[in-house]
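Participant: Starting off with a structure, shown below.
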Amino acid sequence: MSYMFNPGAQSEANIEVHKYYSGTVVAVCFLALVLQAFLHKFGPWAELVDLPLLVTVYFGVSRRNPVSGLLLGAAIGILQDGLSHDNPIGLFGIAKTLVGYLASSVGARIDTEHPASRFALIFLFFHFHQVVLAATEHVLLNHAAPFFTFSLLWNSLATAAFGVVLFALLDRLRRQS
Amino acid sequence: MVDLVISRHRPLAVLAAALFAQVLLLAFQIKRDHDVRLIRYWAAAVVTPFERFGTWSLSKVGGVWTGYIALHGARAENARLRSELAQLQLRNRELESEALEAQRLSALLNFRETHTEAPLLAAQVIGASADPASHTLVLNRGERDHVRRNMGVITPDGVVGKIVEVFPTTSQVLLMSDKDSGVGALLAETRTHGVVKGSGDPDPRVDYVVNDEKVHPGEMIVTSGEDRIFPKGLLIGTVASAKDGNPFQNIRVQPAARLDRLEDVLILLTQQDLSEKKGSETADSAAPAAKTSGIVQTGALSAPLVRPATSPGTSSSGANGSASSPIKPGAGISPAVSPQPQMSAPQN
Chain A
4 MSYMFNPGAQ SEANIEVHKY YSGTVVAVCF LALVLQAFLH KFGPWAELVD LPLLVTVYFG
64 VSRRNPVSGL LLGAAIGILQ DGLSHDNPIG LFGIAKTLVG YLASSVGARI DTEHPASRFA
124 LIFLFFHFHQ VVLAATEHVL LNHAAPFFTF SLLWNSLATA AFGVVLFALL DRLRRQS
Chain B
91 MVDLVISRHR PLAVLAAALF AQVLLLAFQI KRDHDVRLIR YWAAAVVTPF ERFGTWSLSK
151 VGGVWTGYIA LHGARAENAR LRSELAQLQL RNRELESEAL EAQRLSALLN FRETHTEAPL
211 LAAQVIGASA DPASHTLVLN RGERDHVRRN MGVITPDGVV GKIVEVFPTT SQVLLMSDKD
271 SGVGALLAET RTHGVVKGSG DPDPRVDYVV NDEKVHPGEM IVTSGEDRIF PKGLLIGTVA
331 SAKDGNPFQN IRVQPAARLD RLEDVLILLT QQDLSEKKGS ETADSAAPAA KTSGIVQTGA
391 LSAPLVRPAT SPGTSSSGAN GSASSPIKPG AGISPAVSPQ PQMSAPQN
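Protein sequence lines correspond, in order, to chains A and B. According to this note's numbering, the stretch in the first sequence is residues 4 to 180, in order. According to this note's numbering, the stretch in the second sequence is residues 91 to 438, in order.
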């Protein structure tokens with residue numbers, strides 16, 4: 004349990020921490036936000052995949068630094084809120100902050116290189132992200148938001164499947180040690 | 091000790107701080123009714139240029155795709171459309187031809203219905219003579235259709251010629267423009283008799299009209315009935331030109347029927363007067379109607395059925411090859427044939 008609250012101390016000792024070329028993380032996150040906003044106008048199919056969530060999870064489990072992970076998640080979430088029309092700033096921010104932190108913590112403990120584990124991670128983080136979103140809306144905004152629907156289940160499966168492919172592509176951006 | 095605690099729980103502290111800040115931000119927005127324009131403005135300012143570039147790029151790529159790449163099938167489609175156009179043009183020509191044929195047949199039918207008293211047989215032109223100097227046609231009617239030699243052939247416009255050969259299913263027509271042909275004629279206004287003979291040219295001529303007779307261009311020429319082939323009063327044509335000659339006038343005739351474009355004709359199965367119903371009318375009163383119906387009523391058109399002569403060969407004829415034999419007005423211009431029982435028109 005103590006790992007959960009201080010995962011960074013164990014991760015660097017046992018599991019390889021991946022490095023990226025300078026600007027890669029910012030560029031990829033920014034591109035994910037732009038694509039999410041840009042593709043949205045081409046139809047509802049673009050809503051199937053949550054690109055900002057995927058890059059948050061990817062860089063969280065790859066860099067295995069909880070602080071950078073949660074800060075990256077917070078930045079991506081707040082920008083996603085800013086690009087939305089009616090979301091209050093912080094709604095996605097809180098959810099992605101927690102996702103970034105947990106992804107970094109998990110990445111420090113388990114193998115996140117195998118496609119199956121990546122699929123399971125993305126699937127779980129998708130629903131965790133949704134639960135946090137719904138809880139935040141319930142508690143802080145007094146909005147009724149679903150914690151789980153079959154539509155969300157299909158979305159999570161689609162996001163996980165796409166994420167496995169995306170993670171393999173993003174692996175190529177790693178700096179060789 | 092404090093440093094150690096902070097160091098060990100630093101990620102958790104940062105997480106708590108980040109969450110707390112965002113909760114505060116949310117609370118602030120709830121109180122101010124979502125009024126955090128600055129963050130939205132920055133987000134839009136950062137992302138919008140890239141979205142605009144993406145839209146522009148997509149439009150260019152789409153333009154290249156639709157303007158060039160997607161046109162790879164245009165050649166095949168163009169060829170297909172050209173082929174389709176050719177087929178449609180061919181079909182259109184077929185329909186136009188059928189429409190013209192329908193018009194011709196309609197005219198024949200109208201003519202036939204207005205002359206129910208005379209037995210007329212519709213026939214189609216299915217061929218012509220191989221000899222350019224011979225003005226003959228082949229019809230799709232023959233002995234089985236009760237066609238016999240020396241029967242007259244007409245169209246609603248006017249006289250065409252006469253049957254010269256009969257086969258079981260076909261027959262041969264000698265056009266009145268043939269040099270061996272001759273039709274007893276009557277100048278409608280001057281009541282002058284003559285013979286319309288072929289000259290080998292498209293326009294036949296009227297022979298045996300003396301120079302003293304006043305003939306002027308445009309005057310109608312009708313059958314006189316004296317050839318015992320055509321009933322009296324059928325329109326032959328009009329005078330194209332008239333000049334004095336030796337010993338007779340040189341009168342060129344413009345045929346009323348278009349002899350060079352015949353497709354459907356009527357065979358006169360009898361010499362019964364076609365205008366019998368109008369027997370009491372005069373030629374002058376009938377002249378205007380003749381221009382449209384092809385039938386001219388002359389003063390003596392009310393004559394009853396003209397029976398053919400009793401035996402062939404009693405007079406000269408163009409039909410039997412004796413073109414040099416003069417055909418005098420008032421006499422039959424072709425050998426009469428023995429009337430066939432089934433061809434005889436009912437006696438009035």
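Even glycine gets a Cβ: it sits at the ideal position worked out from N, Cα and C.
1. Take Asn-158/A as the anchor and find which of Leu-56/A, Tyr-24/A, His-21/A has the nearest alpha-carbon.
2. Check whether the segment 289 to 308 of chain B and the segment 247 to 256 of chain B are in contact - that is, three or more C-beta pairs closer than 8 angstroms.
3. Can you check whether the CB of Ser-261/B is closer than 8 angstroms to the CB of Lys-287/B?
4. Since Gly-26/A meets chain B, which of its residues come closer than 9 angstroms, beta carbon to beta carbon?
5. Does the structure place the segment 141 to 160 of chain A close enough to the segment 70 to 81 of chain A that three or more beta carbon pairs sit under 8 angstroms?
6. Along the chain, where does the alpha helix (DSSP H) containing Asp-84/A start, and where does it finish?
7. Can you name, in chain order, every residue of its own chain whose Cβ lies under 8 angstroms from the Cβ of Arg-234/B, other than the five neighbours on each side?
8. Rounding to the nearest angstrom, what Cα-Cα distance links Leu-148/B and Phe-41/A in this structure?
9. Quick check on the DSSP output: what are the complete beta strand (DSSP E) runs of length 3 or more inside the segment 205 to 239 of chain B, in order along the chain?
10. Got a sec? Which residues, its chain only, sit under 8 angstroms from Asp-84/A by beta carbon, not counting five neighbours each side?
11. Report yes or no: do three or more beta-carbon pairs, one from the segment 322 to 337 of chain B and one from the segment 212 to 231 of chain B, lie closer than 8 angstroms?
12. Select from Ala-138/A, Arg-177/A, Arg-67/A the residue whose C-alpha is nearest the C-alpha of Ala-111/A.
13. Are Val-237/B and Ile-253/B closer than 8 angstroms when you measure CB to CB?
14. What are the boundary residues of the beta strand (DSSP E) that includes Leu-264/B?
15. Tell me where the alpha helix (DSSP H) around Asn-158/A begins and ends.
16. So, under 8 angstroms CB-CB, Leu-198/B and Leu-349/B are touching, yes? Tell me the CB distance rounded to an integer number of Å.
17. Note the first and the last residue of the continuous beta strand (DSSP E) segment covering Arg-295/B.
18. Report the option in Val-343/B, His-306/B, Pro-307/B, Val-273/B whose CA atom is closest to the CA atom of Asp-317/B.
19. Quick one: using the 10 Å Cβ neighbour count with 16 as the cut-off for buried, is Thr-152/A buried or exposed?
20. Using a Cβ-based criterion (distance less than 7 angstroms to any ligand heavy atom), does Glu-279/B qualify as near the ligand SAM?
21. Can you give me the start and stop residues for the beta strand (DSSP E) that Pro-321/B sits inside?
22. For Leu-256/A and chain B, any beta-carbon pair shorter than 8 angstroms?
23. Hey, His-40/B and Val-285/B are a contact pair by Cβ (cut 8 angstroms); roughly how many whole angstroms apart?
24. Please state the DSSP three-state secondary structure of Ser-370/B.
25. Would Leu-109/B and Thr-100/A be called neighbours here (beta carbons separated by less than 8 angstroms)?
26. Our contact map puts Thr-226/B next to Ala-213/B with C-beta atoms below 8 angstroms; I'd like the distance itself, whole angstroms only.
27. Looking only at its own chain, which residues have a Cβ that is under 6 angstroms from the Cβ of Ala-379/B, when we skip the five neighbours before and after it?
28. What number of angstroms, rounded off, separates the C-alpha of Met-241/B from the C-alpha of Leu-358/B?
29. Can you tell me whether Lys-304/B is buried or exposed? The criterion is at least 16 other CB atoms within 10 Å of its CB, across all chains shown.
30. To the nearest angstrom, how far is the alpha carbon of Ala-160/B from that of Tyr-104/A?
31. Cα separation between Gln-339/B and Asp-302/B?
32. Would you verify that the beta carbon of Ile-113/A is, or is not, closer than 8 angstroms to some beta carbon of chain B?
33. In chain A, which residues lie less than 7 angstroms from Phe-140/B when you measure between Cβ atoms?
34. Below 8 angstroms between beta carbons is the criterion; list the residues of the segment 142 to 171 of chain B that meet it against any residue of chain A, in chain order.
35. Once DSSP output is grouped into helix, strand and coil, what is the label at Ile-357/B?
Facilitator: Let's see:
1. One-based indexing of the first sequence puts residue 158/A at position 155. For the residues Leu-56/A, Tyr-24/A, His-21/A, the minimum Cα distance to Asn-158/A belongs to Leu-56/A.
2. no
3. Taking the first residue of the second sequence as position 1, residue 287/B is located at position 197. Taking the first residue of the second sequence as position 1, residue 261/B is located at position 171. Cβ atoms of Lys-287/B and Ser-261/B: not closer than 8 angstroms.
4. The residue labelled residue 26/A in the question sits at position 23 within the first sequence. Going along chain B, no residue has its Cβ under 9 angstroms from Gly-26/A, so there is no contact; the nearest lies around 15 angstroms.
5. Cβ pair count under 8 angstroms is below three, so no.
6. Reading the first sequence from its first residue, position 81 is the one you call residue 84/A. That run of the alpha helix (DSSP H) goes 69 to 86.
7. The count along the second sequence starts at 1 and reaches residue 234/B at position 144. These residues qualify, in order along the chain: Pro-258, Thr-259.
8. Within the second sequence, the letter at position 58 stands for residue 148/B. Within the first sequence, the letter at position 38 stands for residue 41/A. Taking the straight line from one Cα to the other gives about 11 angstroms.
9. The qualifying runs are 210 to 218, 226 to 229.
10. As a working note, residue 84/A is residue 81 in the first sequence. Around Asp-84/A: Asn-90, Pro-91, Ile-92, Gly-93, Leu-94, Phe-95, Gly-96.
11. No: the two stretches stay apart, fewer than three of their Cβ pairs being nearer than 8 angstroms.
12. Translated into positions along the first sequence, residue 111/A becomes position 108. Selected option, being the one with the closest Cα: Arg-67/A.
13. As a first step, residue 237/B must be located in the second sequence, where it is residue number 147. As a first step, residue 253/B must be located in the second sequence, where it is residue number 163. Yes.
14. Indexing the second sequence from 1 puts residue 264/B at position 174. Segment 261 to 265, the beta strand (DSSP E) holding Leu-264/B.
15. For this step, residue 158/A is matched to residue 155 along the first sequence. Counting along the chain, the alpha helix (DSSP H) containing Asn-158/A begins and ends at 153 to 174.
16. The residue you call residue 198/B lines up with position 108 of the second sequence. The residue you call residue 349/B lines up with position 259 of the second sequence. Contact doesn't hold; Cβ gap of about 16 angstroms is too wide.
17. Along the second sequence, read from residue 1 onward, the residue named residue 295/B stands at position 205. Residues 295 to 297.
18. Here residue 317/B is taken as the residue at index 227 of the second sequence, counted from 1. Comparing Cα positions, the closest option is Val-273/B.
19. As a working note, residue 152/A is residue 149 in the first sequence. Label assigned to Thr-152/A: exposed.
20. The ligand SAM is absent from the structure shown, which contains no ligands of any kind.
21. Residue mapping note: residue 321/B aligns to position 231 of the second sequence, counting from 1. Run containing Pro-321/B: none; DSSP gives neither H nor E here.
22. The structure shown does not extend to residue 256/A, since chain A spans only 4 to 180, so no value can be given for it.
23. There is simply no residue 40/B to check, as chain B begins at 91 and stops at 438 in what is shown.
24. Start at 1 with the first residue of the second sequence, and residue 370/B comes out as number 280. Low confidence applies to Ser-370/B: its pLDDT is 39, below 50, so where it sits in the model is not reliable enough to give any reading.
25. Counted from its first residue, the second sequence places residue 109/B at position 19. Counted from its first residue, the first sequence places residue 100/A at position 97. Yes. Within cutoff.
26. As a first step, residue 226/B is located in the second sequence; it is residue number 136 there, counting from the start. As a first step, residue 213/B is located in the second sequence; it is residue number 123 there, counting from the start. Not quite, the Cβ-Cβ distance comes to about 14 angstroms (not below 8 angstroms), so this is no contact.
27. As a position in the second sequence, residue 379/B is number 289, starting the count at 1. With a pLDDT of 35 at Ala-379/B, under the threshold of 50, the predicted position of this residue should be treated as unreliable, though the coordinate-derived value follows. Here the set comprises nothing.
28. The residue labelled residue 241/B in the question sits at position 151 within the second sequence. The residue labelled residue 358/B in the question sits at position 268 within the second sequence. Rounded to the nearest angstrom, the two C-alpha atoms are 6 angstroms apart.
29. The residue given as residue 304/B occupies position 214 in the second sequence. By the 10 Å Cβ count, Lys-304/B comes out exposed.
30. Residue mapping note: residue 160/B aligns to position 70 of the second sequence, counting from 1. Residue mapping note: residue 104/A aligns to position 101 of the first sequence, counting from 1. Taking the straight line joining both Cα atoms gives about 48 angstroms.
31. Taking the first residue of the second sequence as 1, we reach residue 339/B at position 249. Taking the first residue of the second sequence as 1, we reach residue 302/B at position 212. Roughly 9 angstroms separates the two Cα atoms.
32. For the purposes of this step, residue 113/A is taken as the residue at position 110 of the first sequence. For Ile-113/A, the answer is no, since every Cβ of chain B falls outside 8 angstroms of its Cβ.
33. Taking the second sequence and counting its residues from 1, one reaches residue 140/B at position 50. Residues of chain A passing the Cβ test: Val-37.
34. Gly-144, Thr-145
35. Position 267 of the second sequence holds residue 357/B. Three-state DSSP puts Ile-357/B in a strand.
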